[in-house]
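Written below as structure tokens is the structure these notes are about.
So this is what it looks like as structure tokens:
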């Protein structure tokens with residue numbers, strides 16, 4: 163497989179077979195081609211993303227190569243790595259009803275609603291849902307295709323611990339009923355109980371692999387300073403007219419790394435936007451110096467035609483730009499268009515773009531998404547090195563393992579923001 167104007171493509175002779183009742187999980191470094199492989203199976207490549215593709219996709223002995231994505235949709239279920247890219251209807255109830263008609267899975271819809279905890283969301287406007295709530299809906303819609311094959315791309319990237327456990331149980335039940343799934347997942351250990359076979363995409367081919375290990379993240383070696391870079395008092399969190407939390411207080415000091423955990427829908431992203439000044443809110447907020455905000459969807463923060471252009475548009479010092487490219491391991495991608503990067507590579511690029519602006523406080527919303535375990539360890543190391551020089555970090559995430567990398571852990575849940583143990 164090769165994309166136009168990109169030379170060598172991400173896949174070369176990659177192949178695998180998926181048996182009924184099997185759940186296989188595909189590992190691989192960020193940018194190795196996992197999303198591309200799934201897109202080639204469901205038809206998004208080459209029908210939606212033009213590419214030169216050789217090889218054949220077979221389902222129950224029939225070739226799917228001449229079927230476009232719409233024709234393949236009733237035959238298999240897909241959950242894309244961005245929930246926003248496949249939610250089009252007014253409410254989750256409408257989305258699940260449409261999926262039931264497509265896959266004739268109405269009898270399973272009620273069970274999935276209960277299992278994935280989306281009953282309270284059914285009649286909410288889709289635009290009011292958090293990233294994790296939207297992911298629960300897209301996962302449920304994809305699961306309605308069972309016992310047909312399922313393609314799940316980073317299905318836990320926005321799920322809290324309860325959501326990941328619910329997905330694991332649903333996959334296990336689906337496999338026992340004869341359904342099958344191919345999953346691309348950086349945090350594969352979160353689904354370990356449901357996975358029967360581990361694969362790895364490396365050197366453009368698929369090979370057998372060992373189960374992944376949960377990364378061990380070190381704590382910061384330095385102590386934060388006394389100067390306050392962010393002080394929020396009586397902050398009110400609201401989204402689309404819904405109050406998410408009681409008035410809360412938050413203080414972050416120079417060189418401090420603070421993690422905010424919390425379940426899906428608790429208001430973590432709303433908190434990030436509010437303290438960064440990207441959302442108007444009641445309460446008093448005092449910021450010292452520049453504040454950077456890294457959103458969960460890296461794509462909407464990338465505006466230039468190349469990786470180099472993103473950094474050069476923010477800093478005219480070529481030496482500084484070159485140094486930041488090296489620091490974030492983006493040198494080899496400097497001439498690439500941001501849209502052609504993998505999710506993890508785009509994540510690293512946005513972090514680099516914000517890094518070059520030298521903020522006093524960097525707020526990173528869901529920093530682990532798109533990052534393989536090695537990238538996550540490298541990200542934490544970089545956070546610690548920058549924090550040791552005085553930059554403060556506020557890391558917003560449902561992933562509790564990030565707490566080990568912080569000076570302090572806060573939990574936003576049931577409308578309250580409270581200190582918690584690491």
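Numbering (our numbering), first residue to last: 163 to 584. Cβ coordinates follow ideal geometry from the N, Cα and C atoms, glycine included.
- With contact defined as three or more Cβ pairs closer than 8 Å, the segment 548–562 and the segment 418–435 are in contact.
- The residue from 259, 267 and 214 with its alpha-carbon nearest to that of residue 237 is 267.
- The straight-line gap separating the alpha-carbon atoms of residue 519 and residue 477 is approximately 7 Å.
- Using a 10 angstroms sphere on the CB of residue 222, the tally of other CB atoms stays under 16, which defines it as exposed.
- Secondary structure of residue 202 (DSSP, three-state): helix.
- With a 10 Å radius around the Cβ and a threshold of 16 neighbouring Cβ atoms, residue 295 comes out buried.
- The beta carbon of residue 550 lies closer than 8 Å to those of 382, 383, 384 and 417 in the same chain, with the five residues before and after it left out.
- Counting along the chain, residue 400 sits inside the beta strand (DSSP E) bounded by residues 390–401.
- Out of 479, 535 and 471, the CA that lies nearest to the CA of residue 511 is found in 471.
- Taking a contact to require three or more Cβ pairs closer than 8 Å, the segment 439–447 and the segment 385–395 qualify as touching.
- With a beta-carbon spacing of about 5 Å, residue 318 and residue 352 fall inside the 8 Å limit used to define contacts.
- If you check the CB distance, residue 259 and residue 271 come in under 9 Å.
- Scanning the segment 485–562 for uninterrupted beta strand (DSSP E) segments of 3 residues or longer gives 523–527 and 554–558, listed from N- to C-terminal end.
- A residue is called buried once 16 or more other Cβ atoms fall within 10 Å of its Cβ, and residue 576, having fewer, is exposed.
- For the set 453, 528 and 431, the Cα lying nearest the Cα of residue 291 is the one of 431.
- Excluding residues up to 5 positions away in sequence, 407, 410, 412 and 572 lie with their Cβ nearer than 7 Å to the Cβ of residue 579 in the same chain.
- In the DSSP assignment, residue 379 falls outside any alpha helix (DSSP H) and carries neither an H nor an E.
- Counting only residues of its own chain and dropping the five nearest sequence neighbours on each side, residue 372 has a CB closer than 7 Å to the CB of 360.
- Excluding residues up to 5 positions away in sequence, 186, 311, 342 and 344 lie with their Cβ nearer than 7 Å to the Cβ of residue 180 in the same chain.
- Per DSSP, the continuous alpha helix (DSSP H) segment holding residue 232 begins and ends at 231–234.
- Residues 231, 234, 238, 240 and 313 of the same chain have their beta carbon placed closer than 7 Å to that of residue 204, with the five preceding and five following residues left out of the count.
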